[in-house]
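Quick note: the sequence shown uses the numbering used here, first residue 43, plus one each step. We put the CB at the ideal spot given by N, CA and C, even for glycine.
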Amino acid sequence: MNTDWQLRTADGVDCFEYSPDPRLVLAFFTRRGGVSRGPYESLNTSFAVGDEDRNVEENLTRIRHALQLPAIQTMKQTHSDTVLTIAGGPVLAETLIGDACITGQAGMGLGLKVADCLPVYVYAENSSCIGIAHCGWRGTAAKLAEKTAREMSRHFSVPLSSLRFALGPCICPNCYEVGADVRSEFSREFANADAFFTRSETPKAQTSQNRDGTAERPDPALDPLSPRSLDPFPKYRLDLRAANRWLLMKLGLLETRSIALCTYEDGRLFYSARRDQVTGRNLAVIALR
Ligand SMILES: [Zn+2]
């Protein structure tokens, strides 16, 4: 039982793990210890990024063994605000379209694939139910973490005040520039949107330079965090953790332990879609034993 996040090696894979209760585990797998090669090296968990299926399958098997879980349910993530309730299963990930899921079932891990987006872990104080939410800018603006907590409260009849949350690694505000369109979307949804944005005076280069030295714009199809339109100015820096923390604390949830590491800054441990564009996905998992 780890009362704070610890990096450990299990069955050859490295993961951060936090176990606030012997029946409950929160994990974030690094990219180390898998079999994928090239830009996906090595513990890629997504079938949808161009990696070989058999490598992803082997990686997911290693992750299940590391956590000693019979099954981990993942979803086809689309940056939606859909919260799924998982019971029975597991079923093919491609048949479940959603960006958050909840369960009260022991032995069924809930997995989320991320490369810069924030994984929000939610659990009941008495470990009766768990949930996980995929919070990039779209999920955050759609208040997906709040919807997940409300759905857990409703479905499992637990008061919101008995729910706890923890935040995993994600891209930090120093590294995460967005356009004015994202800023204005938050303004519509959050009265205090100013608290999560800072104006970016010297825009950060988001991609490699072309041979002529001009900056190449990222392909929005490859970058799940990319705004819909890529207006060059003005730019803002968005703090995903601050926005989700504010949402959940306002709801009465207590934050326990979160990880402050930035996925963009540490290429040894983390995939970053913003940094590398063609890359793998780390897996965040929450499970009841
Ligand atoms: Zn950073």
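Among the residues of its own chain, which have a CB less than 6 Å from the CB of R287, if the five just before and after it don't count? none
I'd like to check one pair, L152 with I128: are the Cβ atoms closer than 9 Å? yes
With DSSP as the reference, identify every bridge partner of F71, one or two as the case may be. C57
For P161, write down the residues that DSSP places opposite it in a beta bridge. H176
Cβ pair L303, F312 closer than 9 Å: yes
Nearest-angstrom beta carbon gap, G76 and L85 [assumed within contact, 8 Å]: 3 Å
Is it true that the CB of R279 sits closer than 9 Å to the CB of R241? yes
What's the C-alpha gap between P262 and T137? Low local confidence applies: a pLDDT of 46 at P262 is under 50, so the model's placement there is unreliable, with the coordinate-based value given in what follows. About 25 Å.
Any chance the segment 209-217 sits against the segment 281-297, with 3 or more Cβ pairs inside 8 Å? yes
Which listed residue (R74, D236, G140 and L49) has its alpha carbon closest to that of V125: G140
Straight-line CA distance for Y60 to L186? 23 Å
Straight-line Cα distance separating I172 from V200: 11 Å
State the Cα-Cα distance for the pair E83 and A52, rounded to the nearest angstrom. 18 Å
Under the three-state reduction of DSSP, which class applies to V327: helix, strand or coil? strand
Can you tell me which residues form a DSSP beta bridge with R50? C57
Any heavy atom of ligand 1 within a distance shorter than 8 Å of the CB on Y306? yes
Is it the case that the CB of I213 approaches a heavy atom of ligand 1 more closely than 8 Å? yes
May I ask you to report which of helix, strand or coil DSSP gives G170? According to the sequence shown, residue 170 is Ser rather than Gly. The answer is coil: DSSP assigns S170 none of H, G, I, E or B.
To the nearest angstrom, report how far apart F89 and G149 are at their CA atoms. 23 Å
Pick out the complete alpha helix (DSSP H) segments inside the segment 167-236, 4 residues or longer, and give them in chain order. 179-183, 186-198 and 222-231
Looking at the secondary structure, which residues open and close the alpha helix (DSSP H) in which K291 lies? In the sequence as displayed, the identity of residue 291 is Met instead of Lys. Per DSSP, M291 belongs to the alpha helix (DSSP H) from L282 to K292.
Quick check on this structure: which residue in Q119, G131, A329 and L205 has the alpha carbon closest to the alpha carbon of T298? L205
So, are the CB atoms of K277 and E219 less than 9 Å apart? yes
Quick check on R225: buried or exposed, where buried means 16 or more other Cβ atoms within 10 Å of its Cβ? buried
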